[in-house]
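Just remember that my numbering sits 1 ahead of the position in the sequence shown, which is counted from 1.
Note that the Cβ used here is the ideal one computed from N, Cα and C, for glycine as well.
Accompanying notes for the structure given below.
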Amino acid sequence: MKTRQLGPSGLTVSALGLGCMGMSDFYAGQDDAESTRTLHRALDLGVTFFDTADMYGPFKNEELVGRAFKGKRGSVVLATKFGIQRDPNDPTRRGINGRPEYVKAACEASLKRLATDHIDLYYQHRVDPNTPIEETVGAMSRLVEEGKVRFLGLSEAAPATVRRAVAVHPIAALQTEYSLWSREPEDEILPSIRELGVGFVPYSPLGRGFLTGQIKRFEDLAEDDYRRFTPRFQGENFQKNLDLVARINDLALQKRCTAGQLALAWVLAQGNDVVPIPGTKRVKYLEENLGALEVELSKDELAQLNEIAPQGKAAGSRYPAAMMASVNG
């Protein structure tokens, strides 16, 4: 397995990680047994970097990952996140909390659910607009001093916020959505974090599965699949985005790979400081995704993909308006 390094402190991870969210939340068809097989298979194939969060479930995903890696912890680089609080009685109700006392409490709870004595990469999931980033990162840094956390990360933080955070403690990685249909980080985020020496962890590098070409009709999404409520999957946007995927698939056929592998190969080609974390709960899709590591793109092919999917090409915003308000904070 190829490896990449995140941040100046030298956190080494597999070049492709595994996002675990969908194993427990948001997408239909949860199956803990199949998810556990997928986690074990990923480890067998050389994946070392696994991403979860306390709000996935909520809490269930960390528990699943903790059980799956019992006895295997030494082979795993475990990343989790705090900061989005969901009401257990109504998980659709959410708040953002970056207060120092909550940082400590959230970490203690995650350690217990993950059945571990330390977290390798601990992210603030969303920036709390009511708590200065210096206070939040200061509390996170104390977790490093206590040996409960090895490296710190931020998710969906604006360049200015990252800069302020780095002044308090080294930040190993910024996690943000990035793919052929979400290229906004190229404007300011990527140049800024590269200047600061912060690694980049794109989530949803397959456009929430859309770039694989497997979703062909709105009705393909289960009734309880949250993508039904996402602008890119609705109305005219759905068909416009299908047209985009069709062009990606045409190039994939020429390359003799899948559309998903081509989309992942494009993300991987954006720099050695980029570590995508495509999510899946099924072994067959895990194995397909890992095939992207063998797809090499020429300058001409990269240019074709940039022409097919330039920034702003995707129809619709990546989240509903209320959720968009919490990104790039």
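What are the residues that DSSP puts in a beta bridge with residue i?
{"i": "Arg95", "result": "Arg87"}
{"i": "Phe201", "result": "Leu175, Val275"}
{"i": "Lys82", "result": "Tyr124"}
{"i": "Pro5", "result": "Inspection of the sequence shows that residue 5 is occupied by Arg rather than by Pro. Arg5 is bridged to Val14."}
{"i": "Val150", "result": "Ile120"}
{"i": "Leu155", "result": "Gln125, Leu175"}
{"i": "Phe51", "result": "Leu19, Leu79"}
{"i": "Ser183", "result": "Ser180"}
{"i": "Gly280", "result": "Gly20"}
Report the rounded CA-to-CA distance for residue i versus residue j, giving the unit in angstroms.
{"i": "Arg114", "j": "Glu63", "result": "6 Å"}
{"i": "Glu224", "j": "His170", "result": "43 Å"}
{"i": "Lys285", "j": "Ala43", "result": "11 Å"}
{"i": "Ala16", "j": "Asp55", "result": "24 Å"}
{"i": "Leu46", "j": "Ser36", "result": "15 Å"}
{"i": "Arg74", "j": "Gln125", "result": "22 Å"}
{"i": "Ala166", "j": "Ala326", "result": "20 Å"}
{"i": "Leu303", "j": "Trp267", "result": "7 Å"}
{"i": "Ala106", "j": "Arg127", "result": "17 Å"}
{"i": "Asp88", "j": "Phe60", "result": "11 Å"}
{"i": "Glu289", "j": "Glu102", "result": "42 Å"}
{"i": "Leu243", "j": "Arg5", "result": "32 Å"}
{"i": "Ile120", "j": "Thr281", "result": "22 Å"}
{"i": "Arg164", "j": "Asp221", "result": "42 Å"}
{"i": "Arg195", "j": "Val14", "result": "18 Å"}
{"i": "Leu252", "j": "Ile309", "result": "10 Å"}
{"i": "Gly72", "j": "Val275", "result": "29 Å"}
{"i": "Arg209", "j": "Val145", "result": "32 Å"}
{"i": "Ala322", "j": "Asn238", "result": "15 Å"}
{"i": "Gln240", "j": "Lys314", "result": "13 Å"}
{"i": "Asp33", "j": "Ala116", "result": "17 Å"}
{"i": "Leu294", "j": "Leu269", "result": "8 Å"}
{"i": "Gln215", "j": "Thr53", "result": "24 Å"}
{"i": "Thr177", "j": "Gln262", "result": "20 Å"}
{"i": "Ile249", "j": "Asp118", "result": "44 Å"}
{"i": "Leu298", "j": "Glu189", "result": "25 Å"}
{"i": "Pro160", "j": "Asn273", "result": "20 Å"}
Beta carbon of residue i, beta carbon of residue j: below 8 Å?
{"i": "Gly200", "j": "Gly8", "result": "yes"}
{"i": "Leu197", "j": "Ala264", "result": "no"}
{"i": "Gly154", "j": "Ala174", "result": "yes"}
{"i": "Ala1", "j": "Phe51", "result": "The structure shown does not extend to residue 1, since the chain is modelled only from 2 through 330, so no value can be given for it."}
{"i": "Gly20", "j": "Pro279", "result": "yes"}
{"i": "Val104", "j": "Phe70", "result": "no"}
{"i": "Gly330", "j": "Thr162", "result": "yes"}
{"i": "Val328", "j": "Glu157", "result": "yes"}
{"i": "Leu212", "j": "Val246", "result": "yes"}
{"i": "Gln31", "j": "Met22", "result": "no"}
{"i": "Gly317", "j": "Arg233", "result": "yes"}
{"i": "Thr39", "j": "Leu287", "result": "yes"}
{"i": "Tyr227", "j": "Phe27", "result": "yes"}
{"i": "Leu112", "j": "Val78", "result": "no"}
Residue i: buried (16+ other C-beta within 10 angstroms of its C-beta) or exposed?
{"i": "Gly18", "result": "buried"}
{"i": "Phe230", "result": "exposed"}
{"i": "Gln255", "result": "exposed"}
{"i": "Pro311", "result": "exposed"}
{"i": "Thr49", "result": "buried"}
{"i": "Gly236", "result": "exposed"}
{"i": "Phe152", "result": "buried"}
{"i": "Met141", "result": "buried"}
{"i": "Thr259", "result": "buried"}
{"i": "Gly11", "result": "exposed"}
{"i": "Ser76", "result": "exposed"}
Any heavy atom of the ligand COA within a distance shorter than 7 Å of the CB on residue i?
{"i": "Val276", "result": "Questions concerning the ligand COA fall outside what the structure shown contains, since it holds no ligand whatsoever."}
**Contact between the segment 122-139 and the segment 92-102 (3+ Cβ pairs under 8 Å)** = Contact between the segment 122-139 and the segment 92-102 is present, because at least three Cβ pairs lie under 8 Å.
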